[in-house]
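Read in order, the letters of the sequence shown correspond to residues -23 to -1, 1 to 1255 in mature numbering (1 follows the signal peptide of the UniProt record, and there is no 0).
Cβ atoms here follow ideal geometry from the backbone N, Cα and C, with glycine treated the same way.
Note sheet for the following structure.
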Amino acid sequence: MESFREFSLWVLAFCLVFQLGYGFYLPGSYPHKYGVGDELSVKVNSLTSIDTEMPFSYYSLPFCKPEGGVKDSAENLGELLMGDRIENSPYKFKMYTNESEIFLCQVDKLSDEQFKILTKRIDEMYQVNLILDNLPAIRFTKKDEYFLRWTGYPVGIKIQDVYYLFNHLKFNVLVHKYEEPNVARVMGTGDAAEMIPPVGKEGSDKPGYMVVGFEVIPCSIMHNADSVKNLKMYGKYPSPVKCDPATVGMPIKEGQPVAFTYEVTFEESDIKWPSRWDAYLKMEGAKVHWFSILNSLMVITFLAGIVLVIFLRTVRRDLTRYEELDKEAQAQMNEELSGWKLVVGDVFRAPSNPALLCIMVGDGVQILGMAVVTILFAALGFMSPASRGTLITGMIFFYLILGIAAGYVAVRLWRTIGCGDQKGWASVAFKAACFFPGIAFFILTILNFLLWGSHSTGAIPFSLYVILLLLWFCISVPLSLVGGYFGARAPHLEYPVRTNQIPREIPQQRYPSWLLVLGAGTLPFGTLFIELFFIMSSIWMGRVYYVFGFLFIVLILLVVVCAEVSLVLTYMHLCVEDWKWWWKSFFASGSVAIYIFLYSINYLVFDLKSLSGPVSATLYLGYSLLMVLAIMFTTGTVGFLSSFWFVYYLFSSKTLKRGEEMAGGSFATDSVAKERAQQYKGRVTLYVIITCIVAATGGSLFGYDIGISGGVTSMDDFLQKFFPDVYKQKMHAHENNYCKFNSQALAAFTSSLYIAGLVASLIASPVTRKYGRRMSIICGGMSFLVGSALNAAAANLVMLIIGRIMLGVGIGFGNQAVPLYLSEMAPTHLRGGLNMMFQVATTFGIFTANMVNYGTQNIKPWGWRLSLGLAAVPAILMTGGGICLPDTPNSLVNRGLTEKARKLLEKIRGTDDVDAEFQDMVDASELASSIKHPFRNILEKRYRPELVMAIFMPTFQILTGINSILFYAPVLFQTMGFGRTASLYSSALTGGVLASSTFISIATVDRLGRRPLLISGGIQMITCQVIVAIILGVKFGDNRELSKGFSILVVVVICLFVLAFGWSWGPLGWTVPSEIFPLEIRSAGQSITVSVNLLFTFIIAQAFLSLLCSFKFGIFLFFAAWITIMTLFVSVFLPETKGIPIEEMTFMWRRHWFWKRVLPAAASRPSNRLRSLVAAPFFPKNAGTGTELGGGDATNADPAPSLYVSILRDPFLASLEDLDLARYKARGGRNFLCRSIARPVANGVMVVHRTSLPAAVLVRGEIDVRVRVVRTSWRSNV
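Below is the structure:
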């Protein structure tokens, strides 16, 4: 500790001394004063191309060489690694002296080899890079009234198979007059001025100039070969040379002479020396960088909320409750603890391959430290593109120095895992110093062979290889060993709890853990991908990157997101009793590297289209692989260390450790099931997955229509044919932006479908109940198929509306039947995820429709017919799938086909042991058979909670404003000033975001539950709506257009809104209503849900354009207010439905704090005969499986056997406590368990806590009680 303090004091003293020096701006140089007539020498750098990414020497082409020969400039380590080869050139100027028609040299005849290499370099778009006074030459091109800036100039150009060489250069040098009194201000302070050495021949008494700009215009000019034969270098060309970049005149051929000339002009500029790099370092897309940071902050806020809930509501609550219990109660509680508390004896068990984990974490610390320090120095201005190679040199220097951190962390973690054992620390430290550098060395060696074979200057020279190896083994390795030495001497971190000798068995998980770990990388990638584009463009497109301040912020945000993601996933794994969290926490955040590599491939395919040849692609992929490995080590280390700290804190509670001791070192592992769902047997079969996927295609009908409507209504040909008034209104230049598309006829085209769907959903209810879910799916598909044909062939508006009505009928039937089908086919523990496949299909339909619109918009004049007609594709899929699908077991039981239902249930569950689930279906069917009028019965008070949710969930889902955005996305984006193509592209983007975001919900809904997703999604949507309203209100008016930057921001925020909807209210708005209804009113309840959804969809679709015209930007505040209301509604009135069997939902409402007050009172207390039957052991005379018993007092029965019974009871009896049952006598400590929950106690008393039993059978208001012997176990003496 003392040594650390002493080191800190030295660092502080160094910083203070350095601060007294007052650093000056341009890193690596100072103002250079030239007198009039002083010689200026131009240097050349390597030829570069974004087509091959392989640099070559300037003099590898037949260019003029300087008189004194080619001389290399001194270069640092970074320049050599980057492939820079800076050499002198024949181009020379005289300060402030304009010259023209200067002859350089002539290549008498181009040889065959010279001609081939020139044409090859022209084909590969190589650029010549010139440097004057450390400034690269730039050229400007004009495109659409905008000037584009490029570094360097092309070797030549190819026009109609003819190659032209740029053999004449027109230079323009910008200079600024040197002002002696201003030097101190330029450099920093008066003291700093003394540091500037005098430059120039004339001294300070004569005027001088500084170079502040260097521009070049390349031209191709046909010179007269005979007129330059006797000219020497720098001679005057005999005839005037007119440089016109728009014309070319020097075609090259084999054996043809080529002459090179140039001219130079000087121009005095107002640009001052400190600002001369502004033209190169101009920060483009600053707003996009801020949008990236805003996006990252929103992700961090969301994750931080989850972490806060974990700490404050879950962990703290459990530990506080445990602390408040007395010792005896704690002893009891130890036997029934669940979740993360059960793995207290295994949570710190050593992982597999602990040495490798320690080495990777150590290397990750080294790389992360290097990245933070390097980017920080670059952000402060110490590493600028003006100082070539300093960034790479600085990275290598800091990486070598931080080898001490790698060794220390790796060995310290190794000792912690080994419980203080120091054995093998030197090996761990050495491997940490060699592991990642060895991988990098291997990859670079392979790539270097490719560059050597291509004779590229990007190849690392052998001498530089030797230098790098010496730096590695003479600096990094020894420092790593020193760090390991200190790590071995430091006290190891002791675990807060003991580890059991026998590992605890990990329960079978619902989802493969690797799938969740793999998906976790999407969130860190979301914080990084925008900045990643600029970095990739800088590396591979030759653009200058100098926004290190933004990069530093993004790096910090990435670290925070990685820590939060890994922490949350580690907690989720512990909650399902998976104590193997070590590697999972590393790869949870480290998996972002996979997405970065996939993005790199995407960048190669779509942005580097010109990249040619296998060598270039191999180089790109090799460097990308090296980059993603470094990122994986870094992000994985952040995730692991944060998870390690979290787990250590979590199990450091004194109360938890005391509970561990009282339980004998570990919590009881033989805790019994607490939910009826755990009695359901079976597995997830391929048959279930296939049937759910096929059925879910019905959602694509709804989605395709949502996506196609908005795109078609923005197509000019469609508007001209059916809505000419809207077309004229749209094209009117002075029309109010918000009212361009305001037409009730246009709104009627969109909304007529939903009125038809509303009516059809009510008709579909009896069809679904009497004939099954499958029949409704077939009816919906056929109706949608007819509607798509009518729309594609529409000749007038009437035919168009009739087609829309048929589409609506199809949607009404499909939306009514498909969610029910998915909920009933899915296993209880996966019901949420499989039910969301309906939303996945819906979002996929939206995305497909947007892409169809994007492709058909340019097909004149019938592109809109193709868009509408392609709706037949999802209709055919739904109809064909419905014919092939089986009906659900629930529906078959309800229609009396019990044998067929059981066989199907056994098939979809993959087991013959389906008694519990099948019995629940039969019991529910018996109750459903007594319900003759479900629409009338659903209004009864006992179904009040379900009815409220059936009305409000779909209402709130539509009032988020999502359908309006998706319907009118192209219209909305055109309103905000986007072009027609850009608007359709933007709407396709939102459709893609919506389609992909649903998978987040699928992965989390059965783990986190419905309520957390709905609430967190609501908060994010509120934020996005408010941001859009503010932007449109401040920056967008009635007759103004939104600037490009703010337009992009609006698209980004809308995408974030769609993202939040896609993993919350989008899928859960359908999932929750489809799973809460009991069987007797399920079809009616789903009809109400669909009807309300379509009713409000119609209202919003019909009113949106008018609301947009009236409310303007306030329309988004209108939706934000509704989202606020619905978020509060969910948090107060919706109980959690995760993991509850669909036939057991009735009991959920009885336990809710509000609904238990609304529901009618429970049935009267059962008789003493019933209590004696339940409270005492029961031994039937004809004991055996399946024996039905009724009546009779069982109190005096032989208590020897242990019976496993199930009780059918009233749905308003929440648990056995309602029957005044407190204790159950069990001889010999036997567990009297099956469908009731009991806990054995040492004195032989079994306390009944809770039970989950099937819905009761109500007959004329009385309880029909039956006891069914499921199994008997006999004692040996009986």
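Applying the 10 Å Cβ sphere with the 16-neighbour rule, what's the burial state of residue i?
i, result
"N75", "exposed"
"S629", "exposed"
"I999", "buried"
"A770", "exposed"
"N792", "buried"
"V1242", "Reliability of the predicted coordinates at V1242 is poor, the pLDDT of 32 falling under 50, and the value obtained from them is presented with this limitation in mind. Label assigned to V1242: buried."
"F815", "buried"
"Q343", "buried"
"P438", "exposed"
"P43", "buried"
"N144", "buried"
"R466", "exposed"
"K48", "exposed"
"P701", "exposed"
"H910", "exposed"
"Y626", "exposed"
For the candidate residues the options, whose alpha-carbon lies nearest to that of residue i?
i, options, result
"F1124", "F1054, R98, D110 and N867", "F1054"
"W558", "L532, L505, F621 and F506", "F621"
"S729", "M1103, M783 and F695", "M783"
"L441", "L57, L427 and G1010", "L57"
"G226", "P251, K209 and Y140", "Y140"
"E231", "F525, I94 and F117", "I94"
"I452", "M513, L379 and R475", "L379"
"L345", "G734, A972, T1104 and F529", "F529"
"I836", "V925, S50, F695 and T819", "F695"
"E482", "A223, V321 and E876", "V321"
"F1038", "A387, P222 and L971", "L971"
Rounded to the nearest angstrom, what separates residue i and residue j at their Cα positions?
i, j, result
"L319", "S515", "51 Å"
"C411", "L985", "41 Å"
"G659", "A594", "49 Å"
"F325", "Q485", "20 Å"
"K1133", "L470", "50 Å"
"Q697", "W839", "12 Å"
"L448", "V1035", "51 Å"
"residue 1256", "V665", "Lying before the first or after the last residue shown, residue 1256 is absent from the chain, which here runs from -23 to 1255."
"L1045", "M1103", "13 Å"
"E171", "Y257", "Interpretation of E171 is limited by its pLDDT of 39, a score under 50 that renders its predicted location unreliable; the figure taken from the coordinates is listed afterwards. Distance between the alpha carbons of E171 and Y257: 29 Å."
"V105", "S23", "7 Å"
"I1007", "Q834", "32 Å"
"A856", "L606", "Inspection of the sequence shows that residue 856 is occupied by Thr rather than by Ala. Rounded to the nearest angstrom, the two C-alpha atoms are 48 Å apart."
"Y461", "N330", "Note that residue 461 is Gly in the sequence shown here, rather than Tyr. Distance between the alpha carbons of G461 and N330: 19 Å."
Kindly list the residues whose CB is nearer than 6 Å to the CB of residue i, restricted to its own chain and excluding five residues on each side of it in sequence; keep chain order.
i, result
"A794", "T745, R750, S753 and I754"
"S252", "none"
Going by beta carbon distance, what residues of the same chain come within less than 7 Å of residue i, once the five residues before and after it are set aside?
i, result
"G567", "M609, T612, G613 and G616"
"S1064", "S738, L739, A741, S742 and Q793"
"F1096", "L936, T937, G938 and Q1002"
Would you say residue i reaches chain D, if we count a Cβ-Cβ gap shorter than 8 Å as a contact?
i, result
"G995", "No chain D appears in this structure, which consists of one protein chain only."
Could you name the residues of the same chain whose beta carbon sits closer than 8 Å to that of residue i, not counting the 5 residues immediately before and after it, in chain order?
i, result
"L427", "V592, T595 and L596"
Q) Are three or more beta carbon pairs between the region 342 to 358 and the region 488 to 502 nearer than 8 Å? A) Output reads no: the region 488 to 502 does not touch the region 342 to 358.
Q) Is there contact here, the region 820 to 839 with the region 774 to 781, by at least three beta-carbon pairs under 8 Å? A) The region 820 to 839 makes no contact with the region 774 to 781: fewer than 3 CB pairs, one atom from each, lie closer than 8 Å.
Q. Is there contact here, the region 587 to 602 with the region 533 to 543, by at least three beta-carbon pairs under 8 Å?
A. No contact exists between the region 587 to 602 and the region 533 to 543.
(Q) Does the contact criterion of 3 or more C-beta pairs under 8 Å hold for the region 677 to 691 versus the region 865 to 885? (A) With contact defined as three or more Cβ pairs closer than 8 Å, the region 677 to 691 and the region 865 to 885 are not in contact.
Q. Three or more beta-carbon pairs under 8 Å between the region 418 to 432 and the region 451 to 467, yes or no?
A. Too few Cβ pairs lie closer than 8 Å, so no.
Q: Decide yes or no for the touch test of the region 15 to 28 against the region 570 to 580: beta carbon pairs closer than 8 Å, at least 3 of them.
A: They do not touch, by the three-pair rule.
Q. Would you say the region 29 to 39 touches the region 84 to 102, given that touching needs at least three Cβ pairs under 8 Å?
A. With a cut-off of 8 Å on Cβ pairs, the region 29 to 39 is in contact with the region 84 to 102, counting three or more such pairs.
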